[in-house]
Each structure stands twice: as structure tokens, then as C-alpha cells.
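Only one structure is covered here, and it is reproduced in the block below.
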Amino acid sequence: MREYNTVNSLSKFNKEIDAIFLATILEKKGFVDTTKKHYPDHFKKLQEKGNYEPDNMKRCFSAGRLLVELNYINLYVRYNGSNIRAGGAIITKGDIASLLYFNSLQSSEKSYFTDNRVNPLHILKFLEEELSNDWIDKKSKPILEKHFNNIKQIEI
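Quick note: the sequence shown uses UniProt numbering, first residue 1, plus one each step.
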């Protein structure tokens, strides 16, 4: 059985990132800034100050039916209207790679993760846990390995 060692194979993903870096990544990866629509007062403040201050401002980004809210230091992800409190101030590159990967999936593949109540930010952790189990069936294993390897290749 293959070993999935987070320390070695995923070390680049264990680094924490801040909200400013996250906003930059989301914009670079094609998410649309929808702050003006969702938080007009915060959008106005952002325009006046010229720079994003996570402690004083909210931001919103969307890609299709996926909405990412930077609510001060908290992060929320909404998909198909389901609200998921994604985390507080500590978000890793692995979490963001999982989110970006989730966004790139077809609806049927997204359904697999949402049906199993997997947070879009924690797909990498979910896959690692599933693949480390001895009881995983032979049909599922190659599919999960494909997802795992695809996430590892995402550049942040």
C-alpha cells in the first residue's frame, strides 16, 4: 500500500497564508470580486483606502455557484446556497489548493465531495485520510488517487 506522508509530499501546502494573499490568489485564479454586490460599504471603504485591511473590511469572491467570503478574519465558503464556516485566521496553502481544485471540478465530481459532507477547503485532508485506510475498495482507490495527485500539482 502506498504511503501518503503529509510532511514530505505536501510540505509546500502546510504553510499558513493570510487574507491579503488569499484575495490575491482568488483574483489570479479567475474568481470575480463581488464585494460591491454583497458588502457595498466595505467596497466603498476599500476604494477609499486603496488597500485591503482584513481586520476592518469584508471581501467577497465568486466563481459560478461558489462564493468565498473573507469576513474580517473568518473565511466562509458557500456552494449552491449551503453556508460552510471554513475557518478562522489559519488557512493553509493546502486548504486553498483544495478550494481551487473543487472549483475546477465538474458538477458530478463536486457532488461526490458535497454528498460526503467534505468542506471544499479540506478535500486534500479528506483524500489523504481515505487513502490511508486499509478498507478502501479497489474501485474507489484510483479515483481518489487521481484527485489527490491533481491537488498536489496546483500552483499557489
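Every residue, glycine too, gets a C-beta built ideally from N, C-alpha and C. Every value quoted in this text rests on a predicted model; they were computed, and no experiment measured them.
**Request:** Return the residue from the list Asp-137, Ile-123 and Ile-156 that minimises the CA-CA distance to His-147.
**Result:** Ile-123
**Request:** Taking Tyr-39 as part of the alpha helix (DSSP H), name the residues at either end of that continuous run.
**Result:** Taken as a continuous stretch (DSSP letters only), Tyr-39 belongs to no alpha helix (DSSP H), as it is neither H nor E.
**Request:** Mind reading off the beta-carbon distance from Ile-90 to Ala-19? Whole number of angstroms is fine, and I expect it under 8 Å.
**Result:** Wrong, their Cβ atoms sit about 11 Å apart, outside the cutoff.
**Prompt:** Which stretch, first to last residue, makes up the beta strand (DSSP E) that contains Leu-67?
**Reply:** 66-71
**Prompt:** DSSP state of Ile-20, grouped into three classes?
**Reply:** helix
**Message:** With DSSP as the reference, identify every bridge partner of Lys-138, one or two as the case may be.
**Reply:** None, per the DSSP bridge assignment.
**Request:** Count the other C-beta atoms from every protein chain shown that fall within 10 angstroms of the C-beta of Asn-133, then say buried if there are 16 or more, exposed otherwise.
**Result:** exposed
**Request:** Please classify Lys-29: does DSSP put it in a helix, a strand, or coil?
**Result:** coil
**Message:** Considering only their Cβ atoms, is the gap separating Ile-96 from Ile-25 smaller than 8 Å?
**Reply:** yes
**Prompt:** Do Leu-67 and Arg-78 have their C-beta atoms closer together than 8 Å?
**Reply:** yes
**Message:** Rounding to the nearest angstrom, what Cα-Cα distance links Glu-145 and Thr-34 in this structure?
**Reply:** 34 Å
**Prompt:** Who does Ser-108 pair with in a DSSP beta bridge?
**Reply:** According to DSSP, Ser-108 bridges with nothing at all.
**Message:** What would DSSP say about Asn-149, mapped onto helix, strand or coil?
**Reply:** helix
**Request:** Inspect the beta-carbon positions of Ile-151 and Ser-111 and report whether they are closer than 8 Å.
**Result:** no
**Asked** Beta-carbon separation of Phe-31 and Ser-62 under 8 Å?
**Response** yes
**Prompt:** Going by Cα to Cα distance, which pick from Glu-48, Glu-130 and Tyr-101 is closest to Gln-153?
**Reply:** Tyr-101
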